[in-house]
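S.K.: Got a structure here, written out as structure tokens. Questions coming.
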Amino acid sequence: MFADDASRTELGFVMPALAAMEHAHGSVIRAVLRARLKGGRMPARQLSSWRDGIGTLPNALALHLGGMVRTGVTVRRIVRARHGFAIDTGERGSIHARAVVVATQPHVAAHLLASLVPGAAGECARIAAPPLAVVFLGYRRDQVAHPLDGLGYLTPGCEGRIVNGGLFCSSMFSGRAPAGHVAIAAYIGGARAPDHARLSTRTLIDIVRGELAQLVGVRGDPVVARVRQWPRGLPQFQRGHSLLVERIEQALCDTPGVFVTGNYLRGVSVGACADCALDTARRVGRHLGRASETAIWFGDARTATGAAASPPQR
Ligand SMILES: Cc1cc2nc3c(=O)[nH]c(=O)nc-3n(C[C@H](O)[C@H](O)[C@H](O)COP(=O)(O)OP(=O)(O)OC[C@H]3O[C@@H](n4cnc5c(N)ncnc54)[C@H](O)[C@@H]3O)c2cc1C
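Just so it is clear: in the sequence shown, position 167 is 1016 by my numbering, and no numbers are missing.
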């Protein structure tokens, strides 16, 4: 799921419920059996998305925040200044702020925090995020033998496949493919084989078509084929990651006014990122002495996200 090597991953960070079951019962299977005997079920998560896709979220935030946000601006450096911080954006000038939230990927946070909070910067620099390629293919329903009656599949390393796994997007949520069609997203690269993510678009599509033909029986040319290559994909939560996050938080505690938020602190899902961001916003509010304003502001933003353009799908 994290395009990582499972043997190096910190289970307690990526699947805390499973880790707790093992801790309490000495084995996950024993925990499941005991829960079953008592009529309980495995812990489950709800899947959610937006009718018009993830772009709904930043669009709703942009609508709500209006001119407060400056887009297309790259922060080059953050340094301490009188009563706050100077944020250097190169040709776009310098911004003065009483508090700074670094909400970038960890390698950028490492660079921006280097002189300000070297302890946190050093920890951020240790977080790997190997490249990932996503291949989206659309087929007519009659081109795919498999009913696609699930969320998708993951391939174990021992099978020697190039595709890490695929999501049956049109089975997960409505509106992901036109009537009579299906949509599949396949993931290549990650820690298992970072170089595969850098293959040419043509090669990536051919690889996915070949593996989908074997696994779910696709036939013929896809109706749609798109590739998105991410030079840095998901952050890897290797053993010791919880301690790494603790050290980042400790270093930041010693530097009032500087905050971080992002997918390497609580988890990669958009929901985990939103929780982390809300928590950070509350801390910023407290730092600025405007706790109630921050709470109301983000309460509205959440409502706007769900209601303004399209409601989240579950
Ligand atoms: C291929 C892929 C598929 C995924 N699928 C799902 C999914 O189905 N469901 C799900 O819940 N999650 C999914 N995720 C995970 C989720 O999308 C991410 O974890 C989440 O979007 C990360 O949010 P973030 O705010 O931490 O970072 P980002 O969204 O990466 O935001 C960081 C921002 O910082 C900006 N930035 C960087 N440097 C600077 C600078 N110097 N100055 C100014 N701005 C800067 C960047 O432009 C970027 O906009 C997926 C991730 C990947 C890579």
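Where a beta carbon is used, it is the ideal one built from N, C-alpha and C, also for glycine. Every value quoted in this text rests on a predicted model; they were computed, and no experiment measured them.
Apart from the five residues just before and just after Q1085, which ones in its own chain have a Cβ nearer than 8 angstroms to its Cβ?
M.R.: Result list for Q1085: F851, D853, R857, T858, I976, A977, A978, P979 and A1040, in chain order.
S.K.: Can you list, in chain order, the residues of its chain with a C-beta nearer than 7 angstroms to that of R989? Leave out the 5 residues immediately preceding and following it.
M.R.: Once the five neighbours on either side are set aside, the close Cβ partners of R989 are G1029, H1030 and V1072.
S.K.: Our contact map puts V984 next to I903 with C-beta atoms below 8 angstroms; I'd like the distance itself, whole angstroms only.
M.R.: So it is not a contact: roughly 18 angstroms between Cβ atoms.
S.K.: Excluding the five sequence neighbours on either side, which residues of its own chain have a C-beta within less than 8 angstroms of the C-beta of A873, listed in chain order?
M.R.: A880, listed in sequence order.
S.K.: Just verifying my parser: in three-state terms, what is the DSSP assignment at N820?
M.R.: The question about residue 820 has no answer, for the chain in this structure spans 850 to 1163.
S.K.: In this structure, what does DSSP give as the bridge partners for F934?
M.R.: In DSSP, F934 forms a bridge with R929 and A946.
S.K.: Are the Cβ atoms of I1011 and L961 separated by less than 7 angstroms?
M.R.: Not closer than 7 angstroms, so no.
S.K.: Alpha carbon to alpha carbon, how far is Q1105 from H1136?
M.R.: Correcting the residue identity first, residue 1105 is Pro in this sequence and not Gln. If you take the alpha carbons of P1105 and H1136, they lie about 8 angstroms apart.
S.K.: Under the rule that 16 or more other beta-carbon atoms within 10 Å means buried, what is A866, buried or exposed?
M.R.: A866 is exposed by the Cβ-count criterion.
S.K.: For E1095, is the classification buried or exposed, using 16 other Cβ atoms within 10 angstroms of its Cβ as the cut-off for buried?
M.R.: With fewer than 16 other Cβ atoms within 10 Å, it is exposed.
S.K.: Rounded to the nearest angstrom, what separates V1076 and R947 at their Cα positions?
M.R.: The straight-line gap from Cα to Cα measures roughly 41 angstroms.
S.K.: To which residues of the same chain is M1021 closer than 7 angstroms at the C-beta, ignoring the five residues directly before and after it?
M.R.: So the qualifying residues of the chain are L896 and L1000.
S.K.: What does a CB cutoff of less than 7 angstroms around G1024 pick up in its chain, not counting 5 residues either side in sequence?
M.R.: Cβ neighbours of G1024 beyond the five flanking positions: R900.
S.K.: Does DSSP put Q1063 in a helix, a strand or coil?
M.R.: Residue state, collapsed to three classes: helix.
S.K.: Per DSSP, what kind of secondary structure is S1049 in: helix, strand or coil?
M.R.: If DSSP states are grouped into helix, strand and coil, S1049 belongs with coil.
S.K.: With a threshold of 16 other CB atoms inside 10 Å of the CB of E972, please say whether the residue is buried or exposed.
M.R.: Looking at its Cβ environment, which holds 16 or more other Cβ atoms inside 10 Å, E972 is buried.
S.K.: As a quick exercise: from C1102, L1093, A1035 and A1032, pick the residue whose alpha carbon is nearest that of R1164.
M.R.: Here the chain covers residues 850 to 1163 and nothing more, so residue 1164 does not appear.
S.K.: Taking a contact to mean a Cβ-Cβ separation below 7 angstroms, would you say L860 touches A869 in this structure?
M.R.: Contact flag unset, no.
S.K.: Out of L1127, F1108 and G1120, point me to the one whose CA is closest to P955's CA.
M.R.: Of the candidates L1127, F1108 and G1120, the one whose C-alpha sits nearest the C-alpha of P955 is F1108.
S.K.: Classify H932: buried if its beta carbon has 16 or more other beta carbons within 10 angstroms, exposed otherwise.
M.R.: Burial call: exposed.
S.K.: So if DSSP puts I976 in a beta bridge, which residue, or which two residues, is it bridged to?
M.R.: Partner(s): none; I976 has no beta bridge.
S.K.: Taking 6 angstroms as the cut-off, does the CB of C1018 come closer than this to any heavy atom belonging to ligand 1?
M.R.: Result no, Cβ not under 6 angstroms from ligand 1.
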